Structure formats: C-alpha cells, structure tokens
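Visitor: Structure in structure tokens, see below.
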Amino acid sequence: MEIDFQAIDKKWQLYWLEHHSNKVVEEANKPKYYVLDMFPYPSGAGLHVGHPLGYIASDIYARYKRLKGFNVLHPMGYDSFGLPAEQYAIQTGQHPAITTEQNIARYRQQLDRLGFSYDWTRQVKTSSPEYYRWTQWIFKQFFNAYYNTSSDKACPMEELIAAFSTNGNQGVNAFSDYEKMFTAEEWNSWNDVEQEAVLQSYRLAFLSETWVNWCPKLGTVLANDEIISGLSVRGSHPVEQKKMMQWSMRIKAYADRLLAGLDDLDWSDAIKEQQRNWIGKSEGANVFFDVEGHNNLALEIFTTRPDTLFGVTFMVLAPEHPFLEQIVTEEHKEEVKNYQLSVSKRTERDRQADVHHISGVFTGAFVIHPFNKTSIPIWTADYVLSTYGTGAVMSVPCGDQRDYSFAKHFNLPIINVFKGIDIEEEAYGEKVGIIENSSFLDGLEIKEAITFACQKIEEANRGNRKVNFRLRDAVFSRQRYWGEPFPVYYEKGIPKMIADENLPIELPNVDAYLPTASGEPPLARSRKEDWNHFQGDRMEYNTMPGWAGSSWYFLRYLDPENKDSFVGKDKVAYWKNVDLYIGGNEHATGHLLYARFWTKFLYDMGFIPFNEPFKKLINQGMILGRSSFVYRIKGENTFVSLNKKKDYSTDQLHVDVNLVDNDKLNLQEFKNWLPEYADATFILEDDGTYCCGFEVEKMSKSKFNVQTPDALVEKFGADTLRMYEMFLGPLEQSKPWDTKGITGVHGFLKKTTRLFLDTTGSWNTLAEDPTKEMWKVLHKTIRKIQDDLDRYSFNTVVSTLMIAVNELTDLKCNHKQILQPLLVLLSPYAPHTAEELWEKLGLPSGGCALASFPVYDEAMLVEASYEYPISFNGKMRFTQSIDLHLPENEVIELIMGLENTQKHLEGKTPKKVIFVKGKIINIVS
RNA sequence: GCGGAUGUGGUGAAAUUGGUAGACACGCCAGACUUAGGAUCUGGUGCCGAGAGGUAUGCGGGUUCGAGUCCCUCCAUCCGCACCA
6 MEIDFQAIDK
16 KWQLYWLEHH
26 SNKVVEEANK
36 PKYYVLDMFP
46 YPSGAGLHVG
56 HPLGYIASDI
66 YARYKRLKGF
76 NVLHPMGYDS
86 FGLPAEQYAI
96 QTGQHPAITT
106 EQNIARYRQQ
116 LDRLGFSYDW
126 TRQVKTSSPE
136 YYRWTQWIFK
146 QFFNAYYNTS
156 SDKACPMEEL
166 IAAFSTNGNQ
176 GVNAFSDYEK
186 MFTAEEWNSW
196 NDVEQEAVLQ
206 SYRLAFLSET
216 WVNWCPKLGT
226 VLANDEIISG
236 LSVRGSHPVE
246 QKKMMQWSMR
256 IKAYADRLLA
266 GLDDLDWSDA
276 IKEQQRNWIG
286 KSEGANVFFD
296 VEGHNNLALE
306 IFTTRPDTLF
316 GVTFMVLAPE
326 HPFLEQIVTE
336 EHKEEVKNYQ
346 LSVSKRTERD
356 RQADVHHISG
366 VFTGAFVIHP
376 FNKTSIPIWT
386 ADYVLSTYGT
396 GAVMSVPCGD
406 QRDYSFAKHF
416 NLPIINVFKG
426 IDIEEEAYGE
436 KVGIIENSSF
446 LDGLEIKEAI
456 TFACQKIEEA
466 NRGNRKVNFR
476 LRDAVFSRQR
486 YWGEPFPVYY
496 EKGIPKMIAD
506 ENLPIELPNV
516 DAYLPTASGE
526 PPLARSRKED
536 WNHFQGDRME
546 YNTMPGWAGS
556 SWYFLRYLDP
566 ENKDSFVGKD
576 KVAYWKNVDL
586 YIGGNEHATG
596 HLLYARFWTK
606 FLYDMGFIPF
616 NEPFKKLINQ
626 GMILGRSSFV
636 YRIKGENTFV
646 SLNKKKDYST
656 DQLHVDVNLV
666 DNDKLNLQEF
676 KNWLPEYADA
686 TFILEDDGTY
696 CCGFEVEKMS
706 KSKFNVQTPD
716 ALVEKFGADT
726 LRMYEMFLGP
736 LEQSKPWDTK
746 GITGVHGFLK
756 KTTRLFLDTT
766 GSWNTLAEDP
776 TKEMWKVLHK
786 TIRKIQDDLD
796 RYSFNTVVST
806 LMIAVNELTD
816 LKCNHKQILQ
826 PLLVLLSPYA
836 PHTAEELWEK
846 LGLPSGGCAL
856 ASFPVYDEAM
866 LVEASYEYPI
876 SFNGKMRFTQ
886 SIDLHLPENE
896 VIELIMGLEN
906 TQKHLEGKTP
916 KKVIFVKGKI
926 INIVS
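Start counting at 1 in the first sequence, then tack on 5, and there's your number in this note's numbering.
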C-alpha cells in the first residue's frame, strides 16, 4: 500500500477548509502567540520557490506553538500597491487593480497548495479602500501631531497651537526645524496661510521641498534603482536632481527612541547594527565660520572632530548649498555653475561610491577661522552631501581621508595637528593621540580635546554641541498612480485634511497612468467628478509610498473587519505585538524601521498598548536561482557545448532552465523555445549531448531561472516541498535552489509511511508495548526536535526525523505507542501526511493538529557509559567505552592501563591528562 | 565608497557552551531484487596512500592541553544604501 501524496494534499486541504480548522478567535484563558510573515507584493511572475521558504518556516512554527497549547494567530495578506502593476498599466492601459486582483488570485492558489495554516478570514490587502481608509486616517493623525521633546512623545497639534497663541514659541519644547522666535502677538496677527507655513515645521507629516531624481523626458521622478549612470533604465534618458514640494514624515524626531528600542528586541545583531548605522547617531558640534566680505553671513558646519579645528585648511559646501550663489565671486561664477550642473546629473549613490574620481571647484570666497582668524578658502565638491549635517564641512586633511585626498588632488595645504603621527601617506582617523599645532588644544588627548573644543566654541558663541543623525526625514509622497491617495485637499494653497466621515478617498479613474505633460502626477489627470469626494480648490495629486500600508498591516490582522477603528482596543489588548516575524533581510532598514516608527507613534497617541511591533525577527536568506547558459558563436546561429567553447569566440546567453536537465540541454525544446533558435545548429560533446554552463544568481524572469513550486508540488506533494525547503540549510542563509536533493526527502516520507504497514503490507500497527530501544529513539527525537525548534533550527529537525525513521525501521518498529507521538512531531513539517497516517491509526480525522506536543522523559535517555575519544596532544587516536559513574582518578587509571594508550605514548610519560566528563580525554606528553 | 553577512567533501549541509570534523541527504561506485522503475534494499564514498599513516573547515598568523568555533591580517562572494518590493 502506498500513499498518494497528490490525493492527500487535496483531501486534507479540503478538510481544513470545510472545518474552518485555521480560524482563530481570542480565547482569554489561552496564551496567545502571533506568528507573522512579511506579506508579499503580488507580482505577475507568481510565487517562486524563494517566497515559500519563510512561509513554510513560520507555518511550522505556528503549528508547533499550537501543539504546545498556544492560541496562535497566523494571518496572511498582500502588499498590493506598487510599481510593477503601474508599469504594466502604462504599457497596456489595463487598470492596475485588475492585474493586481489576478495576481492575488494566482498567489492564493499557489499558497493554498502548500497547506499553510493561515486564517484567511483575516486577509488584508493594502490596495483595498477598506484598508487604505485607515492608512489615510493614520496619516491624518501624523499631520495633526507634533513631537513634544519634554514628554518625549507625539502630542496633538492643538496643544501647540494653543501655546503659540498665548506665548508664541517661547518655551515650546517641540521637535522642529523652525529656528526663529515669535511672540503670541505675532502669531495672532498672522493669517492662516502664514500660520500654516509655520505649523508645517512642527507637524509629524508635513510639506517641504526635497531633492528628487527627475527625468524630464519621462516627466517623472525615479528611484536610484531606476537609474544607471545618470540615465533612466527605461529609455536611457538623462536624469537630474530637482527640488520638489513633497510630503515627509518627521521620523528624525524618533531617532533616539528607534535607536534605544533596539536593545530590547530579539533580533539578530546584524540587523540591529544595520539599523543603528542607518540611524547613524553622531555627536559633535556645529561651528559657525564668518564669510569674508559678507556681513552677518556665517557658514554653519557640523563636525564630529572639533578637536581638529586648527587643522582646517579649506571648507567644502555641497553643490546644492544655498550659500553658493551669494558667496561665489564673479570670476568663479561660471565654473561653479557648470560644476553644479554636472553634479546635478549624478545620483547620490554615484557620488558616494566614486571616490577615485575627485572633483570640486573653488568659489573664490573665504571664511575666517573663529579662533586664529586666518582666511580659509571655500570650495564646493560633490563628496559633501546636502542631506547630511548642514551640507557643509570644515576640511581637515590630516584627520579625514576624503579631505586628505581632496587636498592632495588640488594641492591644498595640510596641517598636521597630531603629535608624532606620520601623515605623509594618508590621513589619521583614529581617536587616540595628542593634539599639537592647535593653540589652546595643544597637549590634550584627542578625547579631552573634543570636550574642551566644544566648551571653547560655546563660550565664544561660535557654535554648540550637537547630536546629528544620518537618518533623514522620510519622504512620503510619490508621483505615481498605484498608491494610496492622500486624505488631503488644498485651499488657497494650504493643505487641509478631509473629514473622517468622507474617508476613504478612493483612487480616481484617469485616462492614462502617466504623469501629465507638465510633469504633474497621474492623479492630476482626473476630473473633479472622478473623485468619490472632492473638496477645496483641488485634491492632493501625489500618492503614498509603498511603505505606508506595510507600516501598520500587522495591526489590521487583529481586527480586519472593524469599521469604526483601525484596530479595536480589546483585540489589540489580547493579541498585542508580533511574537515571531519572518521575512527577508532586504527590509532591514526600510520597512522594519518605518513599522517601528509608526508603532511608536500610535503608542504615543494611546491607540495601542506597545511601542515595538516585532519582538522576535528572523530574516530568511534569499533563494538564488541556478541559471543555465548556452554559448553562441559570434555572428552565427550555432551553439557550442560547454567543454568545446574554448575553441570558438562565443556569446554567453541565458537559457530557460526548464529546457535543461542535469546541465544537458533538450535540443528540440530549445529550438521550439524562441523563433530565432528554430534553425539553430549545435556543436556537441563527444557523447552527443549539449552541456550547459551554469551560474548562481538572483532569481528573475529575465534570467530565465525562475523555479515555481507548482511543478514540484504536482510531482511530489506539498509535504515533500515543505520539508525540502527546510532541509536546504539554515533558514537565515542564502542558498542556491537545486532540486537534486528533493528525492531524498520524498523517500523519507515514503519510508515513514512504511512504518505503518504490517508484514503483509496492510495498514496495521501493533498495540503491544514497544521495546526499550524504541522508546529511547522516540524520546531522543522529541527532545532534539523541541530543542531545534526552540532555537529556530528548522533544517536540523528534518535530519532528526530522518534519523528517527531510519532507526525505527531498523528496529522494525510498527508500534502504535511510538508511531502516534511520532506523527505529532512530523505534523508541523508534513501536515497532510501526518493527518493521513493519523487516520490510518484509527484515530479521529483531523486530530493530529489538535494533539499535544509529546513530552520527553529524561529517564528514557539515561546512559550508563560513554564512548570516550582518547586523544594524544589533541589528536584523537581511539575510543574507549567507560562507565559514566567512575570518578576521574579511576578513569585516568583505567586509560593509562590500556595497551593502546601505551602504544601511542611511545614510552613517554604524560605531562598532563585532561579529563572532561562525558566529552573527551586528552593526554599531553 | 559606506554598512551588513557568508566561505567546511563532487553538491546542500551538520557539529547548540572551544572537546571524535563531515551527522542527515543528494550524487557517484559496487551489488541484490525485479512483467526494467524517476521503485525498493545492502555495502562503500573528504583528499593522498597498498598499508601504517599523513592531511583537511577561503589564505596567513595568534591564543589554548585542544580551534570550523575565540583574536588579528588578507582574499573571494552575496545583500542593503533612502521613489524596486
């Protein structure tokens, strides 16, 4: 008798559906556990084998926790706004909502075949109006809040406005980039346009001018990703930097809390470190340098090294710095302008990455050193970024390598302020040493000098201590169609919020999904009547970025149907935050940081009772594709096999991996694949086959290396695929996809089913008591699997199960008392097979998932003796079984008495014998 | 460039706290069975060597009785870098 794996997939999936087996509700008397996957973007290519990796792991863990008695919330949904659907819409005119729905349907079908235990009644889609209604609502909360720096939390704008009208901004503790002071009288005398302009500097969601990558030809803003060396990927048009009025979120107000909060999270050190670096806290000072010949014009710079103040030999402004136009002298005007123009064609990343190519121009202007009053030339160069610090630096070539290279390149002076340090070859960046050539800092240790310099700068009123963050406020508007519309309209140019009862503002229909001729976002194509609600002079034409919906989706799963609130208080109080979150580490600094930010904000506003969204995080590694290649002789339609290509000049071309088996190309299928290959000829290996080359790279449609799970599930069943993906290796490691090993896992499942057959091959098990050995195998297995799952070692569990089945097979174990608990151990990995065999044991249908995880008995595992490895000077020579109860001196005596020991000692007397109980004996001679 | 990670047989990997390197699989080799199959079972398989033995966890060094594991230098590969998701 054999199990039909395809049939049991269907049987049990239908059973779970009909019995609503995966639906969960709050149960006050049961501990909760929330297992979440990063929800996917439903792409047109469908689910590839990389997607389910994390989903399988989370499903196994969710099932494990259920067996352990937890009430497990395990939902799934779709991050369904995004560029690919929009691009497709631009090409075809098809509304992105339609393609998105089709893709979701396909995803769902593919997911369902893998037997996941998702509670689909809780599904969310970020692109559905019922969902984005609340994304819009949360945006309004950000707009109507400011960050109170004395209570260190977000507070309602009304409080701030009330303070302004009674005291002005004197004594207001708010996180803001507004620098001037105003009185209550002034505030009250301003009209609403003037007042709003000020309030924008306090709101947590606000409008401001931001730099963007602008492609004039496409009339659109591009991501760095969409640009290669200054040209758009689409169409190769020039791209330039341009300022644009955009919505942003004041995430910088949360920088310190986002940093501090990391300490208590059960995330990998790697990802915490990435977030720390992204936030990039650095302490230093802002210093003002007066510009020569310009009254009241002082250049503000930020430095982390005020101790090197006397090593400054030039200043560098970012090419976008607002001062440039004012200070540049007549004779340098043209040069600076040209430079700015050339820089505007480079993206920020190009500027940072290209350090070998040093560029910059002199402005003709000088600043005066605040202490020694020397003149210092002002340059502009693209290695200084306008987005960090003040967009200007004091250059200290002796202490900073970029400054050093710049000075060498343009032959600028270098002053060494480090005593006894050689800077002939390179700058000295360490913070250890003694300062010299530096007036009042002479003789001080660097760390003391930093403190003392800050003090002097503040005393002289030339600046102040300052904590700077690399983190920038998050730009929140996109000039795209397929995203959440803002709940915003404009009146007299003032942005205003649409009332809650008019939400959601639904995406209006447009005649095309492209920007307008004048470069306005696609929504500007809409007519007034295209909007479900229209107000004021016009609506907001931007849409929200991809990360808006994904910053809070984990909350909506708790209460997906709620019409009155984004999540009910009782629901969020029960389920709380996510206990285990699994997803790719490409989200390390984007999604994960934004979700933390929103969570902290919603906590501040009293909507949710916790301030971190994800307690435990696991980043699954990427599954890489194994691409296959053919080699075409240049200028011909002839393809040379791998081992013969060295004799020809060839081009390497990707070939669809589905045409290749074991690196051998199916020639007929290849000819049918693409019309241009129909007449292809081949130069084959000596054995008459065509051998393809291969490379491991990211799975992608364009590389023809995408592997979908569908065919494998079709062939082997869902359980085999689930186990195989886990068996590939540690979850967190990236690995190439290769199906060669899948037969091993499939064989294991078949071997497992054979334990349930009697000698005649019928489904029949023994009720009698198992032997001691059988019990030992079971309990050893229980313990190992529990240990492994508790440390998320999903791959070793598969091996453990294999070992158990191999051993039970050797023991000819057909005993129900062993097999029943074994099924429970198997069920998180192979739920269909486990339920089927459970039924074969004559137990109630569907009962395996409802069982309790078996408890191992230590007494079953006690060993009387241990096979000690005996090593000599660290090299293992032989093993010896020794009673574990023997005291150390008797063990050593026993060992020394062995003939084998004396042989290896070669007559020498041991200097030392290391005895580690239950581990090893090492004889040092 | 900056930040993060990973390097162990022909392949995926295991070794949880420094204690027998290569578990468990794939592949390969040999064999059994058989109305021949992508089935099942048995044995072997890091490398060199007939063997004793030697050697081996990216390279080089260090700490230790003992290092895949800890420390330092270097090399290679992968991921992220703010409008891809």
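Just so it is clear, CB atoms sit at the ideal spot from N, CA and C, and this is done for glycine as well.
Since the structure is predicted, the reported quantities are computational estimates derived from the model, not experimental observations.
(1) Curious, which full-length alpha helix (DSSP H) runs of at least 4 residues does the region 441–503 contain?
(2) Would A600 and P614 be called neighbours here (beta carbons separated by less than 7 angstroms)?
(3) What is the C-beta distance between F144 and G82, in whole angstroms, given that I count them as a contact (C-beta under 8 angstroms)?
(4) Are the CB atoms of E730 and S632 within a distance shorter than 7 angstroms?
(5) Since L831 and T757 are thought to touch, with beta carbons under 8 angstroms apart, how far apart are those beta carbons, to the nearest angstrom?
(6) Do W192 and F169 have their beta-carbon atoms positioned less than 7 angstroms apart in this structure?
(7) Can we say the region 140–159 touches the region 254–270, given the rule of at least three CB pairs closer than 8 angstroms?
(8) Enumerate in chain order the residues of its own chain whose CB-to-CB distance from A258 is below 6 angstroms, with the five nearest sequence positions on each side excluded.
(9) Considering just the uninterrupted stretch of the beta strand (DSSP E) at Y38, what are its terminal residues?
(10) Considering only their Cβ atoms, is the gap separating H414 from I363 smaller than 7 angstroms?
(11) Looking at the secondary structure, which residues open and close the beta strand (DSSP E) in which L629 lies?
(12) Just to confirm the assignment, what range does the alpha helix (DSSP H) spanning Q96 have?
(13) Look at T786 and T805 and say whether their C-beta atoms are less than 7 angstroms apart.
(14) Could you tell me the alpha carbon to alpha carbon distance between R356 and S349, rounded to whole angstroms?
(15) Using 7 angstroms as the threshold, is the C-beta distance between S654 and L689 below it?
(16) How is Y653 classed by DSSP in three states: helix, strand or coil?
(17) By how many angstroms is the C-alpha of K16 removed from the C-alpha of G766?
(18) How should P527 be labelled, buried or exposed, when 16 other C-beta atoms within 10 angstroms of its C-beta is the threshold for buried?
(19) Which first and last residues belong to the alpha helix (DSSP H) in which W843 is found?
(20) Three or more beta-carbon pairs under 8 angstroms between the region 323–337 and the region 428–443, yes or no?
(21) Bridge partners of D251, per DSSP?
(22) Thinking F75 and T725 are a contact (beta carbons under 8 angstroms), I'd like their distance in whole angstroms, please.
(23) Could you pull out every unbroken beta strand (DSSP E) segment of at least 3 residues lying fully inside the region 52–137, listed in chain order?
(24) From which residue to which residue does the beta strand (DSSP E) around N153 run?
(25) What are the residues that DSSP puts in a beta bridge with M399?
(26) Taking the straight line between their C-alpha atoms, what separation do you get for L449 and L314?
(27) Taking 7 angstroms as the cut-off, decide whether the C-beta atoms of Y3 and L52 are in contact.
(28) Output yes or no for whether 7 angstroms exceeds the beta carbon distance between K576 and L560.
(29) Measuring straight from C-alpha to C-alpha, what distance separates W427 and P402?
(30) Can you find a heavy atom of the ligand NAP that lies under 6 angstroms from the Cβ of T814?
(31) For Y494, which option in Y546, G698, A458 and W580 has the closest C-alpha, if you only look at C-alpha atoms?
(32) Grab me the residues of V953's own chain with a C-beta within less than 6 angstroms of its C-beta, minus the 5 sequence neighbours each way, in chain order.
(33) Just to confirm, is the Cβ distance from I276 to V398 under 7 angstroms?
(34) Counting C-beta neighbours from all protein chains within 10 Å, is the total for N927 16 or more, i.e. buried, or is it exposed?
(35) Got a sec? Which residues, its chain only, sit under 7 angstroms from H957 by beta carbon, not counting five neighbours each side?
(36) For G369, which residues of its own chain have a beta-carbon under 7 angstroms away from its beta-carbon, when the five flanking residues on both sides are left out?
Guide: If we stick to the structure as given:
(1) 451–464
(2) In terms of Cβ geometry, A600 and P614 do not form a close pair [threshold 7 angstroms].
(3) The pair is not a contact, with the Cβ atoms about 20 angstroms apart (cut-off 8 angstroms).
(4) no
(5) Rounded to the nearest angstrom, the Cβ distance from L831 to T757 is 7 angstroms, consistent with a contact under 8 angstroms.
(6) yes
(7) yes
(8) Y152 and F180
(9) K37 to D42
(10) yes
(11) I628 to I638
(12) The continuous alpha helix (DSSP H) containing Q96 extends over residues L88 to T97.
(13) yes
(14) 10 angstroms
(15) no
(16) coil
(17) 23 angstroms
(18) buried
(19) P836 to K845
(20) Taking 8 angstroms as the limit for Cβ pairs, the verdict is that the region 428–443 does not touch the region 323–337.
(21) The sequence as given places Gln at residue 251; Asp does not occur at that position. Note: Q251 sits in a beta bridge opposite S213.
(22) Their Cβ separation, rounded to whole angstroms, is 27 angstroms, which puts F75 and T725 out of contact at 8 angstroms.
(23) 76–78
(24) A150 to N153
(25) Partner(s): M320.
(26) 13 angstroms
(27) With the chain covering only 6 through 930, there is no way to say anything about residue 3.
(28) no
(29) In the sequence as presented, Trp is not what sits at residue 427; that position holds Asp. Each residue's Cα considered, the two are about 13 angstroms apart.
(30) The ligand content of the structure shown is nil, which means the ligand NAP is not present either.
(31) Y546
(32) Residue 953 lies beyond the residue range present for the chain, which begins at 6 and ends at 930; the question has no answer from this structure.
(33) no
(34) The Cβ neighbour count for N927, taken over all protein chains shown within 10 Å, is at least 16; the residue is labelled buried.
(35) Within the shown structure, residues of the chain are numbered from 6 to 930, placing residue 957 beyond reach of any answer.
(36) V333, T334, E336 and H337
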